[in-house]
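*Asks:* Residue numbers (my numbering): 3 to 379.
Got a structure for you, written out below as structure tokens; questions coming shortly.
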């Protein structure tokens, strides 16, 4: 009777794990990062440079739901557009600009600022498995020194707003459809250190939940190693310390390794911990050392993402600290969710390792193996 119950439980977790694997597997090929707006405000004009996926906009993907194009409605249309040459993309975008312009809002003193399209820069086709990043240049006329606010359609997804040309200009992460804080013209006072710190907490958290699937999977691998609290604290502490160090060093420019090297190694780290979870029965002193080494890799991955967003010159340290705090909160949230949904109910059961932790660890390893193959081919 007990064996049958164990077998049913094991099968249930295998089914859940396989479902999760099917959900996660396509994530990396068409993963989109938040768009980035570089904005310069002078007394009479405002200039916008938007770094974004023009194919996602043309395909009318709803990026408010998720950032993986392969799982969205119109994914086939996105893939078709991704294969087009730059001139073909530009022609389609220019034809539809009047429609898109309605969903990019810039307001001053309650009045809409008319936006004039300057140009669209689209790279060559390149590797179609990677997101093609285009740059849109737009300009508008403003009437006075009153601050302006920016927003765009929630379907375009999140965006990072960065004000250029001033030492303490606004830097802010906008979730889907949010309106920015007031953006002051050159010579006016912008946001402060604490506001920047808070904004980058959101950016860091968002990089883990919901976008940092490889980091989520790695942290889950740490969670399923042992039911005891002490090993988990040791592992999370080693991981946190390591990626904090390399995040800082990478952000300051002391260490730089291209993502083509870092990303496959992160996938290998996931494979390694999954194998240890299954075959190593006891927590050893060298596991935190190994996790520390892996944490340094993940920190370089964080630094790469933060480099894309950019750090405000005047508030570099508050932004870096805020991003790191956001990452830590995201990781702790992953552990808390895993504990509430699985650990609290099952970790005292005799069958936990065989029927829960080991099957899930095996699936974690398979996901890591898939990501490794995808990232090196």
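Where is the CB? At the ideal position from N, CA and C, for every residue including glycine.
Quick check on the DSSP output: the alpha helix (DSSP H) that includes residue 202 runs from which residue to which?
*Replies:* Where residue 202 is concerned, the enclosing alpha helix (DSSP H) stretches over 195-210.
*Asks:* Please report how far the alpha carbon of residue 301 lies from the alpha carbon of residue 36, in whole angstroms.
*Replies:* The straight-line gap from Cα to Cα measures roughly 19 Å.
*Asks:* Residues in the same chain with beta-carbon distance under 8 Å from residue 321, minus the five sequence neighbours each way, listed in chain order, please.
*Replies:* Closer than 8 Å at the Cβ level, and outside the excluded window around residue 321, lie 173, 198, 199, 201, 202, 313, 314.
*Asks:* Would you say the region 165-184 touches the region 124-140, given that touching needs at least three Cβ pairs under 8 Å?
*Replies:* Touching, no.
*Asks:* How would you call residue 80, buried or exposed, if buried means at least 16 neighbouring beta carbons within 10 angstroms?
*Replies:* The residue in question, residue 80, is buried, as its Cβ has 16 or more Cβ neighbours within 10 Å.
*Asks:* At what residue ranges does the region 273-330 contain a whole run of the alpha helix (DSSP H), taking only runs of 4 or more?
*Replies:* Qualifying alpha helix (DSSP H) stretches, in chain order: 288-311.
*Asks:* Restricting to Cα atoms, I'd like to know which of 209, 121, 77 is closest to residue 95.
*Replies:* Of the listed residues, the one whose Cα sits closest to residue 95 is 121.
*Asks:* Report buried or exposed for residue 55, applying the criterion of at least 16 other Cβ atoms within 10 angstroms of its Cβ.
*Replies:* Buried is the call here.
*Asks:* Quick check on residue 237: buried or exposed, where buried means 16 or more other Cβ atoms within 10 Å of its Cβ?
*Replies:* Buried is the call here.
*Asks:* Return the Cβ separation of residue 185 and residue 149 in integer angstroms, given the expectation that the two are a contact with Cβ distance under 8 Å.
*Replies:* Confirmed, Cβ separation roughly 6 Å.
*Asks:* What does the Cβ neighbour count give for residue 182, buried or exposed, with the cut at 16 atoms within 10 Å?
*Replies:* Classification of residue 182: buried, given that the 10 Å Cβ count is 16 or more.
*Asks:* Go through its chain and collect everything with a Cβ distance to residue 57's Cβ below 6 Å, but skip five positions before and after it.
*Replies:* Here the set comprises 80, 83, 84.
*Asks:* Quick check for students: name the residue ranges of the alpha helix (DSSP H) that lie wholly in the region 56-120, counting only runs of 4 or more.
*Replies:* As far as the region 56-120 is concerned, its whole alpha helix (DSSP H) runs of at least 4 residues are 56-60, 77-84, 88-103.
*Asks:* So, helix, strand or coil for residue 155, using DSSP?
*Replies:* In this structure, residue 155 counts as coil in the three-state DSSP scheme.
*Asks:* CA-CA distance, residue 289 and residue 221?
*Replies:* Between residue 289 and residue 221, the C-alpha separation is close to 14 Å.
*Asks:* Do you know how far the Cα of residue 368 is from the Cα of residue 348?
*Replies:* Distance between the alpha carbons of residue 348 and residue 368 is about 23 Å.
*Asks:* Quick check: the region 276-283 against the region 352-371, are there 3 or more CB pairs under 8 Å?
*Replies:* Because the criterion of three Cβ pairs below 8 Å is met, the region 276-283 and the region 352-371 touch.
*Asks:* Going by alpha carbons, who is nearest to residue 178 out of 232, 291, 159?
*Replies:* With distances taken between Cα atoms, residue 178 lies closest to 159.
*Asks:* So for residue 258, helix, strand or coil by DSSP?
*Replies:* Residue state, collapsed to three classes: coil.
*Asks:* If you follow the alpha helix (DSSP H) that residue 51 is part of, which residue opens it and which one closes it?
*Replies:* Where residue 51 is concerned, there is no enclosing alpha helix (DSSP H), although the beta strand (DSSP E) it sits in stretches over 47-54.
*Asks:* Give the secondary structure of residue 31 by DSSP, where H, G and I count as helix, E and B as strand, and everything else as coil.
*Replies:* Note that residue 31 scores 39 on pLDDT, short of 50, meaning its location in the model is unreliable; the coordinates nonetheless yield the value given after this. In this structure, residue 31 counts as coil in the three-state DSSP scheme.
*Asks:* Shortest alpha-carbon distance to residue 340 belongs to which of 224, 256, 319?
*Replies:* Considering only alpha carbons, the answer is 224.
*Asks:* Under 7 Å between the Cβ atoms of residue 266 and residue 98?
*Replies:* In this structure, residue 98 does not lie closer than 7 Å to residue 266 by Cβ.
*Asks:* Would you report the Cα separation of residue 39 and residue 131, rounded to the nearest angstrom?
*Replies:* Roughly 24 Å between the two C-alpha positions.
*Asks:* Whole-angstrom Cβ separation of residue 112 and residue 207, contact assumed at under 8 Å?
*Replies:* At roughly 32 Å, the Cβ-Cβ gap does not stay under 8 Å, so residue 112 and residue 207 are not in contact.
*Asks:* To the nearest angstrom, how far is the alpha carbon of residue 370 from that of residue 214?
*Replies:* Residue 370 and residue 214: Cα-Cα distance of roughly 13 Å.
*Asks:* Residue 259 and residue 251 - do their beta-carbons sit closer together than 7 Å?
*Replies:* Against a cut-off of 7 Å, the Cβ pair of residue 259 and residue 251 comes out as no contact.
*Asks:* Would the beta-carbon of residue 272 fall within 7 Å of that of residue 235?
*Replies:* Cβ distance not < 7 Å, so residue 272 and residue 235 don't count as in contact.
*Asks:* In the DSSP assignment, find the unbroken alpha helix (DSSP H) run with residue 232 in it and report its ends.
*Replies:* Residues 231-253.
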